[in-house]
Amino acid sequence: MKGRLFVISGPSGSGKSTICKKLVDNNENIVLSVSATTRKPREQEKDGINYFFLTKEEFEKKIKENAFYEYALVFNNYYGTLKEKIDDKLEAGFDVILEIDVQGAMQMKEQNNEIVMIFIMPPSKEELLHRLTDRKTESSAEIELRTAIAIEEMSKKDKYDYIVVNDELEKAIKEVEDIINN
Ligand code: 5GP
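For the sequence shown, our numbering assigns the number 14 to the initial residue and increments by one for each residue that follows.
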């Protein structure tokens, strides 16, 4: 493989998606892996761009076919990294970022110790709650679930190679860029 693999995790509301998007916009050598999920698309989300949206049956068929490097149940939906999708990009020489949860990140590290693991932290619990509530794309039950999982995820941050605190977006992007381009 010619490209390198990076995992970026962080709780919902940490700003990791914004950081990943900027990294890809700013660096033509970096691409974001598109995961498969059984979650319903949000408004604006497009199949094949944000995720490959699959039914539960389709996803489970791919599990049986051993098509995933890793998969996990997150917020009651399956999410997974399709082998084929990232192998092609690595082979073409791109650095690939996997924006995946802690369970998936650990599965990736077990298979490939070379992977660089980065955890994005929100500046404080208060700010995290503020960001989660402000987003308005989720119901209050969903927000409660995401908050509980966020706290659980943050307790695992020390398993990562780098922890980046997103208190100032541009600074956080630069920090991640420096890690990747080193
Ligand atoms: P969302 O529903 O907000 O798009 O994503 C929910 C969570 O699923 C996030 O923590 C995200 O990092 C995680 N996730 C997205 N894709 C994957 C994947 O392919 N594998 C795993 N394990 N987690 C994923």
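Cβ atoms here follow ideal geometry from the backbone N, Cα and C, with glycine treated the same way.
Please read all numbers here as calculations on a predicted model, not as lab measurements.
In chain order, what residues of the same chain lie with their CB nearer than 7 Å to the CB of residue i, ignoring the 5 residues before and after it?
i, result
"asparagine 90", "Thr50, Thr51, Arg52"
"serine 46", "Thr94, Lys98, Ile99, Val109, Ile110, Leu111"
"glutamine 120", "Glu83"
Please report the straight-line C-alpha distance between residue i and residue j, rounded to a whole angstrom.
i, j, result
"aspartate 171", "glutamate 165", "12 Å"
"valine 44", "glutamine 57", "20 Å"
"isoleucine 128", "lysine 149", "34 Å"
"asparagine 194", "glutamate 41", "12 Å"
In three-state terms, what does DSSP make of residue i?
i, result
"phenylalanine 72", "helix"
"isoleucine 128", "coil"
"leucine 111", "strand"
"alanine 49", "strand"
"alanine 185", "helix"
"aspartate 180", "coil"
"glutamate 190", "helix"
"threonine 94", "strand"
"leucine 86", "strand"
Among the residues of its own chain, which have a CB less than 6 Å from the CB of residue i, if the five just before and after it don't count?
i, result
"phenylalanine 72", "Thr51, Tyr91"
Which whole-angstrom value is the C-beta distance of residue i and residue j, which I expect to be below 8 Å?
i, j, result
"leucine 103", "leucine 36", "About 17 Å; that fails the 8 Å criterion."
"isoleucine 133", "glycine 26", "That pair is no contact at about 10 Å."
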